[in-house]
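Colleague: The structure follows.
Protein chains: 2
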Amino acid sequence: MIAVLRLGHRIGRDKRITTHVALVARAFGADKIIIETQDKQIEKNIRSISERFGGKFEIETGIDRKKLIKKWKGIIVHLTMYGQRFDEAITKIDKNKDILIIIGAEKVPPEIYQVSDYNISVGNQPHSEVAALALFLDRFTNGKWTEKQFKGKIEILPCDNGKKVVSVEE
Amino acid sequence: MIAVLRLGHRIGRDKRITTHVALVARAFGADKIIIETQDKQIEKNIRSISERFGGKFEIETGIDRKKLIKKWKGIIVHLTMYGQRFDEAITKIDKNKDILIIIGAEKVPPEIYQVSDYNISVGNQPHSEVAALALFLDRFTNGKWTEKQFKGKIEILPCDNGKKVVSVEE
Numbered sequence: 009m010i011a012v013l014r015l016g017h018r019i020g021r022d023k024r025i026t027t028h029v030a031l032v033a034r035a036f037g038a039d040k041i042i043i044e045t046q047d048k049q050i051e052k053n054i055r056s057i058s059e060r061f062g063g064k065f066e067i068e069t070g071i072d073r074k075k076l077i078k079k080w081k082g083i084i085v086h087l088t089m090y091g092q093r094f095d096e097a098i099t100k101i102d103k104n105k106d107i108l109i110i111i112g113a114e115k116v117p118p119e120i121y122q123v124s125d126y127n128i129s130v131g132n133q134p135h136s137e138v139a140a141l142a143l144f145l146d147r148f149t150n151g152k153w154t155e156k157q158f159k160g161k162i163e164i165l166p167c168d169n170g171k172k173v174v175s176v177e178e
Numbered sequence: 009m010i011a012v013l014r015l016g017h018r019i020g021r022d023k024r025i026t027t028h029v030a031l032v033a034r035a036f037g038a039d040k041i042i043i044e045t046q047d048k049q050i051e052k053n054i055r056s057i058s059e060r061f062g063g064k065f066e067i068e069t070g071i072d073r074k075k076l077i078k079k080w081k082g083i084i085v086h087l088t089m090y091g092q093r094f095d096e097a098i099t100k101i102d103k104n105k106d107i108l109i110i111i112g113a114e115k116v117p118p119e120i121y122q123v124s125d126y127n128i129s130v131g132n133q134p135h136s137e138v139a140a141l142a143l144f145l146d147r148f149t150n151g152k153w154t155e156k157q158f159k160g161k162i163e164i165l166p167c168d169n170g171k172k173v174v175s176v177e178e
């Protein structure tokens, strides 16, 4: 189980970035996105995409962060530009265990650095939590997402020019 | 020269996503971001980050897309969820030429598919132009960004726990 926890999501302001985080989690091999703040609209959007484009992907919003972290039995990874190098860190993570990947919005509380088994940086330059999550999942799963079959009602086929979309009606 | 062209940026609505696109371009090895719509605020923000965190990175906003594309002497790559597989496509691109990577916002006009030498998808699932650009640059440059020295006034050093920041005063 690969779960992503998005901290400090502010409804309105963070809507688009958090949506990108959730879609990246789904496309690159995570099983679940958990958003700290309750946001029914994002739940609806992500469920609708998963239903149409296939695959199993869960979303939960409005959770107690401290309880979730306390209960978590697997590894906790916090993605931060201040962390250790991701290429080196990834080799140390036990892949047989469940993993919770924590992604902050603005400022991340110091306790997150403490409770995480690994504070990992995807480069030490300022860029984007969306990109950091994509690159982390890509390396962590050895690029397995490139071969994943989603078997959705809508399937987009690779195409040199234009659009090839297969829609399965029920 | 690796340049990124961000199409259809809407001031206000796209501010944060376009900022992420620009920062990802910079962090993962592009030399320049070009934003179709004029946006002095984004220019200022990205220049300020480049000045503090180092490296050479240019930003230009408010350009005539058709003229730019017509003048472009190198390869044009358009990133789209409808394109051909990126892992296969990347091996065909001539890396000795300049490359212009086009990233849309909402709907991309059909002419972009026509003028591009390659329409490339980073997975055929809906996710994020931020993630698509990061993964494309990562593979295109063979992960060279992980070793790049930016030599900025601010340097963040990899760290297991907490923050290690080196500031060089002038």
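Going down the list, the sequences are from chains A and B.
Counting in the working numbering, the first sequence runs from 9 upward without gaps.
Counting in the working numbering, the second sequence runs from 9 upward without gaps.
Backbone N, C-alpha and C fix where the C-beta goes; we use that ideal spot for every residue, glycine too.
For B:Gly-16, which residues from the same chain have a beta carbon less than 7 Å from its beta carbon, with the 5 sequence-adjacent residues on both sides left out?
Modeller: The residues are Glu-44, Gly-112, Ala-113, Glu-114.
Colleague: Report buried or exposed for A:Glu-119, applying the criterion of at least 16 other Cβ atoms within 10 angstroms of its Cβ.
Modeller: It is exposed - the Cβ of A:Glu-119 has fewer than 16 other Cβ atoms within 10 Å.
Colleague: Output needed in chain order: residues of the region 104 to 137 of chain B with a Cβ under 7 Å from some Cβ in chain A.
Modeller: Going along the region 104 to 137 of chain B in chain order, one finds Tyr-121, Asn-127, Ser-129, Gly-131, Asn-132, Gln-133, Pro-134, His-135, Ser-136 with a Cβ nearer than 7 Å to chain A.
Colleague: If you compare alpha carbons, which of B:Ile-110, B:Asn-127, B:Ala-140 is closest to A:Cys-167?
Modeller: The residue with the shortest Cα to Cα distance from A:Cys-167 is B:Asn-127.
Colleague: Compare the C-alpha of B:Glu-155 against each of B:Val-29, B:Gly-63, B:Asn-53, B:Arg-14 and name the closest.
Modeller: Comparing Cα-Cα distances from B:Glu-155 to each of B:Val-29, B:Gly-63, B:Asn-53, B:Arg-14, the minimum goes to B:Gly-63.
Colleague: Return helix, strand or coil for B:Lys-156, following the three-state DSSP convention.
Modeller: The answer is coil: DSSP assigns B:Lys-156 none of H, G, I, E or B.
Colleague: What residues in its chain sit with their C-beta under 8 Å from that of A:Ser-124, if we drop five residues either side in the sequence?
Modeller: Around A:Ser-124: Ile-84, Val-85, His-86, Ile-110.
Colleague: Could you tell me which residues DSSP pairs with B:Arg-93 in its beta bridges?
Modeller: Answer is B:Ser-129, bridged to B:Arg-93.
Colleague: So, for B:Asp-39: in the same chain, excluding its five sequence neighbours on each side, which residues have a beta-carbon less than 6 Å away from its beta-carbon?
Modeller: So the qualifying residues of the chain are Met-9, Ile-10.
Colleague: State yes or no: is the C-beta of A:Arg-147 nearer than 7 Å to some heavy atom of the ligand FMN?
Modeller: This structure lacks the ligand FMN; in fact it carries no ligand of any kind.
Colleague: Can a CB atom of chain A be found closer than 8 Å to the CB of B:Asn-53?
Modeller: No - not a single Cβ of chain A is within 8 Å of the one on B:Asn-53.
Colleague: Of all the CB atoms in chain B, is at least one closer than 8 Å to the CB of A:Leu-15?
Modeller: No, A:Leu-15 lies away from the interface with chain B (no Cβ there is under 8 Å from its Cβ).
Colleague: Who pairs with A:Val-85 in a beta bridge, going by DSSP?
Modeller: Note: A:Val-85 sits in a beta bridge opposite A:Ile-109, A:Tyr-126.
Colleague: Using the rule of at least 16 other Cβ atoms within 10 Å of the residue's Cβ for burial, across every protein chain shown, is A:Ile-99 buried or exposed?
Modeller: Strictly speaking, residue 99 of chain A in this sequence is Thr, with Ile absent from that position. Classification for A:Thr-99: exposed.
Colleague: At a CB distance below 7 Å, what residues from the region 80 to 95 of chain A approach chain B? Give them in sequence order.
Modeller: Hits within the stretch, in order: Met-89, Tyr-90, Gly-91, Gln-92, Arg-93, Asp-95.
Colleague: So, are the CB atoms of B:Asp-106 and B:Gly-82 less than 8 Å apart?
Modeller: Contact: yes.
Colleague: Please confirm whether B:Ser-136 and B:Met-89 have their CB atoms less than 8 Å apart.
Modeller: No, the Cβ-Cβ distance between B:Ser-136 and B:Met-89 is not below 8 Å.
Colleague: Which class does B:Lys-64 belong to by DSSP, given the choice of helix, strand or coil?
Modeller: Reduced to three states, the DSSP call for B:Lys-64 is coil.
Colleague: Return the first residue and the last residue of the beta strand (DSSP E) that A:Lys-40 is part of.
Modeller: From DSSP, the beta strand (DSSP E) with A:Lys-40 extends over 40 to 43.
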